[in-house]
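Enquirer:
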Amino acid sequence: MRPGISSQAHTSREQRLSSGVSRLLGCMCAVLVLMLGAPLHALIWACIYATDRGPCFYRARRLGRGGQAFSMVKYRTMTVGASPLVSSDLKVVTQPDDIRITKVGRWLRCGIDELPQAWNILKGEMAWIGPRPVEPWGLPHYGPVLRERLLQRPGVTGLAQVLGCRWISSAEGYAIDIWHGRHRGVWLAAWIVAATPLFVLGWTTIGRRRLERLRKDPEFQQIKRQCEAEFESAWLHGRQSSLPTVATN
Numbered sequence: 001m002r003p004g005i006s007s008q009a010h011t012s013r014e015q016r017l018s019s020g021v022s023r024l025l026g027c028m029c030a031v032l033v034l035m036l037g038a039p040l041h042a043l044i045w046a047c048i049y050a051t052d053r054g055p056c057f058y059r060a061r062r063l064g065r066g067g068q069a070f071s072m073v074k075y076r077t078m079t080v081g082a083s084p085l086v087s088s089d090l091k092v093v094t095q096p097d098d099i100r101i102t103k104v105g106r107w108l109r110c111g112i113d114e115l116p117q118a119w120n121i122l123k124g125e126m127a128w129i130g131p132r133p134v135e136p137w138g139l140p141h142y143g144p145v146l147r148e149r150l151l152q153r154p155g156v157t158g159l160a161q162v163l164g165c166r167w168i169s170s171a172e173g174y175a176i177d178i179w180h181g182r183h184r185g186v187w188l189a190a191w192i193v194a195a196t197p198l199f200v201l202g203w204t205t206i207g208r209r210r211l212e213r214l215r216k217d218p219e220f221q222q223i224k225r226q227c228e229a230e231f232e233s234a235w236l237h238g239r240q241s242s243l244p245t246v247a248t249n
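The structure is reproduced here in structure tokens:
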């Protein structure tokens, strides 16, 4: 057997082993979140129901790995039947003092509303770390670079989230996810795990230096330029077809 093929096969086995271990650990953590967090889940359910008598959970159609659609579950933070608002760079947004968000929802949107996605992790539809799952309406407008993001299993948290994707363009946020997909590793995953609760608790600048370093990386700069070009094309075509309501401010 040629050395190159042997090395490639060995690398493939390592990747499968690493993926299997990550999957097992992810499921174990998901079980803990669902079972040990039962009292918290019951309290959240009661608060949501007491507010407007609506359903506790919100099930959203999202794209998983390979573009396969699945039903992502989260605690409902908006009024029943609220329509999405989309910015000019295809980002689903909320407005300051958004009337669609319930009183309880404003407290939950710090990240607590995502806890039910532990169920999606158990089903193999999501992982703890990965790009946030996107809505199906955007897929027809994606180019080949944006579609690379779908090669990863979507996550509850990810590099783009802790680097502040809420305050940067969608193109740059996607570029971060794509770069992360190409450079995943144990140490980077550990940093994301450690940074996520600090980010949720209010340290929103925790990833500032890492983002500044990433922006100087030539590979990332190229990915970002490609994403920007594809987003511009997606917006021009999407306005004429299937985009939801567009936010004007």
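Residue numbers (the working numbering): 1 to 249.
Even glycine gets a Cβ: it sits at the ideal position worked out from N, Cα and C.
Keep in mind that this is a model prediction, so the values were computed, not measured.
If you draw a straight line from the alpha carbon of S6 to that of G20, how long is it in whole angstroms?
Expert: Counted from its first residue, the sequence shown places residue 6 at position 6. Counted from its first residue, the sequence shown places residue 20 at position 20. Here S6 scores only 45 on pLDDT, less than 50, and its place in the model should not be relied on; the value that follows carries that caveat. Taking the straight line joining both Cα atoms gives about 21 Å.
Enquirer: When you compare only the Cα positions, how much space is there between W119 and I176?
Expert: Mapped onto the sequence shown, residue 119 falls at position 119. Mapped onto the sequence shown, residue 176 falls at position 176. Each residue's alpha carbon lies about 26 Å from the other.
Enquirer: Under a three-way DSSP split, which group does V134 fall into?
Expert: Locating residue 134 in the sequence shown gives position 134, where the first residue counts as 1. Residue state, collapsed to three classes: coil.
Enquirer: So, helix, strand or coil for V73, using DSSP?
Expert: Working through the sequence shown from its first residue, we reach residue 73 at position 73. Taken through DSSP and simplified to helix, strand or coil, V73 comes out as strand.
Enquirer: For A234, count neighbouring C-beta atoms within 10 Å of its own C-beta (all shown protein chains included) and say buried if the count is 16 or more, exposed if not.
Expert: The residue you call residue 234 lines up with position 234 of the sequence shown. Flag for A234 reads buried.
Enquirer: Counting only runs of 3+ residues fully inside the stretch 86 to 147, write out the beta strand (DSSP E) ranges in chain order.
Expert: 127 to 129
Enquirer: If K123 sits next to A171, beta carbons under 8 Å apart, how far is it from one beta carbon to the other, in whole angstroms?
Expert: Position 123 of the sequence shown holds residue 123. Position 171 of the sequence shown holds residue 171. The Cβ separation is near 31 Å, so there is no contact.
Enquirer: Given this structure, state the Cα-to-Cα distance separating A160 from M28, to the nearest angstrom.
Expert: Numbered from 1 along the sequence shown, position 160 holds the residue referred to as residue 160. Numbered from 1 along the sequence shown, position 28 holds the residue referred to as residue 28. If I take the Cα positions, the gap works out to 24 Å.
Enquirer: Between the stretch 95 to 110 and the stretch 64 to 72, do at least 3 Cβ pairs fall closer than 8 Å?
Expert: no
Enquirer: Can you list, in chain order, the residues of its chain with a C-beta nearer than 6 Å to that of H41? Leave out the 5 residues immediately preceding and following it.
Expert: Residue 41 sits at position 41 when you count from the first residue of the sequence shown. So the list is empty, once near-sequence residues are dropped.
Enquirer: With DSSP run on the structure shown, which of helix, strand or coil describes L81?
Expert: Your numbering for residue 81 matches position 81 in the sequence shown. Strictly speaking, residue 81 in this sequence is Gly, with Leu absent from that position. DSSP places G81 in coil when its eight states are reduced to three.
Enquirer: Report the rounded CA-to-CA distance for V162 versus D52, giving the unit in angstroms.
Expert: Taking the first residue of the sequence shown as position 1, residue 162 is located at position 162. Taking the first residue of the sequence shown as position 1, residue 52 is located at position 52. For V162 and D52, the distance between alpha carbons rounds to 32 Å.
Enquirer: Among V200, G164, V145 and W179, which residue has its Cα nearest to the Cα of R208?
Expert: For the purposes of this step, residue 208 is identified with residue 208 of the sequence shown, where counting begins at 1. Looking at the Cα atoms, G164 is the closest of the given residues.
Enquirer: Here's the rule: buried if 16 or more other CB atoms are within 10 angstroms of the residue's CB, otherwise exposed. What is I256?
Expert: In the structure as shown, the chain begins at 1 and stops at 249. Residue 256 is therefore absent and cannot be evaluated.
Enquirer: Determine the burial state of E212: buried for a count of at least 16 other Cβ atoms within 10 Å of its Cβ, exposed for fewer.
Expert: Residue mapping note: residue 212 aligns to position 212 of the sequence shown, counting from 1. Exposed, by the Cβ-count rule.
Enquirer: Could you spell out the range, first to last residue, of the alpha helix (DSSP H) harbouring G181?
Expert: Walking along the sequence shown from the start, residue 181 turns up at place 181. Counting along the chain, the alpha helix (DSSP H) containing G181 begins and ends at S170 to R182.
Enquirer: For the alpha helix (DSSP H) that contains R210, what are its first and last residues?
Expert: In the sequence shown, the residue the question calls residue 210 occupies position 210. Here the alpha helix (DSSP H) through R210 covers R208 to R215.
Enquirer: If you reduce the DSSP assignment to three classes, tell me which class L163 lands in.
Expert: The residue given as residue 163 occupies position 163 in the sequence shown. L163 falls in the coil class under three-state DSSP.
Enquirer: Can you give me the Cβ contacts of L198 inside the same chain, cut-off strictly under 7 Å, excluding the 5 residues immediately before and after it?
Expert: Position 198 of the sequence shown holds residue 198. Excluding positions up to five away in sequence, the list reads I206.
Enquirer: For A60, does the count of other Cβ atoms within 10 angstroms reach 16, so buried, or fall short, so exposed?
Expert: Residue numbering aside, residue 60 sits at position 60 when the sequence shown is read from its first letter. So A60 ends up on the exposed side.
Enquirer: Provide the residue span of the alpha helix (DSSP H) that contains T196, from first to last.
Expert: The sequence position of residue 196 within the sequence shown is 196, counting from 1. Unbroken alpha helix (DSSP H) run through T196: V186 to V200.
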